[in-house]
Amino acid sequence: MGLISNGTTAFDAGSMSLGGQITFIKKLTASGDSTLSFVHGSSSVVFDGTYKEYLITLKHIHPATNNVAFEMNFTQDGSSFAQSKTTTNFDAYHAEAGNDSGLRIEGNPNSMLANNTGWAPLNYNMGNENDGNLSGFVRIFDPAGTTFHKQFQVELSFQYFNTYGIRQNTAGYVNASVATVGVGFRFSSGNIDAGDICLYGIG
Amino acid sequence: MAVISNGTTLIDAGAIDSGIATGSMTLINTLTASSSATLTFSSGITSTYKEYLFTFNNMHPADNSVQFLVNFRDGSTAYDATKTTSFFTADHSEAGSTDGLVYVSGQDLAQSTAFQPLTVDTGNRSDESCCGHLRLFDPASTTYVKNFFARMNNYVSNNYSEDSYAAGYCNVTAAIDGVQFKFASGNIDSGTIKMYGIK
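Line order of the protein sequences matches chains A and B. Per my numbering, residue 5 is the first one in the first sequence, and the count goes up by one each step. Per my numbering, residue 1213 is the first one in the second sequence, and the count goes up by one each step.
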């Protein structure tokens, strides 16, 4: 039963249509996990046409292994994370010693994908010191669309080998017109030792 | 009908009571393009919010290889606020043969009333589009210039992924009370722009 006030539907079908426009969907907490993923229809995850945009927050993501990259991939079948992507990747860096800083496109050929189904690096050379971690955001636009490429944007801050602070910006698109039903995260080697990943829908 | 709980009005006249805590991001308006020359938010930009967020979902041009543009209204009926801006991009080709991080001097403005590009060379094939955000800060201020910044991901017409960053300020002390979007030529074939107020 809906609740209508002055002609405006306030509640219907178990949800409220008034108020804030960012809806929390699911929180994953890492504890020695090889991969963390959000797949529509699994474990109460909504990742479909319900929202035109999804926001993922990454908080204190800590690798078990030293010198690794944090990676992201997408799935169209819910199990195989291997959708084709073209990406860009650049960073602003500054040494803790204060003697080096700059802005650069990531020259490592593996750091940017060109119609590649591999996992997209979101940073690189990340250390596993006890206090080392990455935090940031991922935004994915209209993953359920079947007309356009699925665009995404990523922005991270992390500590490079305990010596640099780095702001890393990755963006790109899933080069497919089929729907994307899930997104996964992992390190290039070793487990995700700790950290929280939260999924939100933007209405 | 009002909804009252334990003596406290929760909802009345179709709105949540102002004393009730809600989320801090409120959808104000949604514009959906259908072969539209422009999409314009001509109302709803007031002092109610100190920040406005615009989201662009699959903006698809009718013409090929065109810029997606923004301009601001500062008191008259025209969208022509004076702006100074910066613009840079990171790009990578699908062939994997070309990449770059470039300040694009041809896409910035220096005290100009022209429309500001948010993308370069957006493609118009059926699966090509651009997506992203623009944030406008304190548009109702009559003291400060009005800062804004945008980040878009763009399918460039010659098969590149392009991460575009535009930022700047409307160099006026008059309030900004409208925002308009369009492509540099041709219509906005399809796409959705939402405007949110952020407390």
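All residues carry an ideal CB built from backbone N, CA and C; glycine is no exception.
query	result
Cβ neighbour criterion (16 or more within 10 Å) applied to R108 of chain A	exposed
Selected residue, minimal CA-CA separation from N120 of chain A, among A:D135, A:T91, A:S35 and A:S139	A:T91
First through last residue of the beta strand (DSSP E) which encompasses N77 of chain A	F74 to T79
is_contact[H98 of chain A, chain B] using C-beta, thresh 7 Å	no
Test: G1403 of chain B CB closer than 7 Å to a CB of chain A	no
Under the three-state DSSP convention, the category Q1319 of chain B falls into	helix
Identity of the residues DSSP links to N93 of chain A by a beta bridge	A:T174
Per-residue burial, V142 of chain A [other beta carbons within 10 Å of its own, 16 or more giving buried]	buried
CA-to-CA distance, A118 of chain A to A1307 of chain B, given in whole angstroms	6 Å
I26 of chain A vs Y204 of chain A beta-carbon contact at 7 Å	yes
Members of the stretch 1258-1276 of chain B that neighbour chain A once the beta carbon cut-off is set at 9 Å	T1267, F1268, N1269, N1270 and H1272
Beta-carbon neighbours of L107 of chain A, restricted to chain B and to distances below 8 Å	L1313
Separation of N1218 of chain B from N1366 of chain B, as counted between CA atoms	51 Å
Among A:V50, A:A198 and A:Y128, nearest to F42 of chain A - alpha-carbon criterion	A:V50
Beta-carbon gap between D1303 of chain B and Y1381 of chain B smaller than 7 Å	no
Given 8 Å, three or more beta-carbon pairs between the stretch 126-137 of chain A and the stretch 1309-1326 of chain B	no
Chain B within 7 Å of N119 of chain A, Cβ atoms only	yes
Residue from B:L1281, B:S1298, B:F1300 and B:T1297 with nearest C-alpha to Y1291 of chain B	B:L1281
G176 of chain A: contacting residues in chain B (beta-carbon distance under 9 Å)	H1304, N1365, S1373 and D1375
Neighbourhood of T150 of chain A by C-beta, 7 Å cutoff - its chain only, sequence neighbours within 5 removed	S181, V182 and A183
Contact with chain A by C1382 of chain B, beta-carbon distance below 7 Å	no
Residues within the stretch 62-76 of chain A neighbouring chain B, beta-carbon criterion of under 8 Å	none
Selected residue, minimal CA-CA separation from T1301 of chain B, among B:L1313, B:A1293 and B:T1294	B:L1313
Within-7 Å CB hit, T92 of chain A to chain B	yes
Rounded Cβ spacing between F162 of chain A and N127 of chain A (contact assumed at less than 8 Å)	5 Å
Partners in chain B for T151 of chain A, counting only beta-carbon separations shorter than 8 Å	N1270, S1338 and D1339
N70 of chain A in three-state terms, based on DSSP	coil
Ranges of the beta strand (DSSP E) found wholly within the stretch 1285-1367 of chain B, counting only runs of at least 3	1295-1305, 1311-1315 and 1342-1349
Cross-strand partners of G169 of chain A (DSSP beta bridge)	A:H98 and A:Q163
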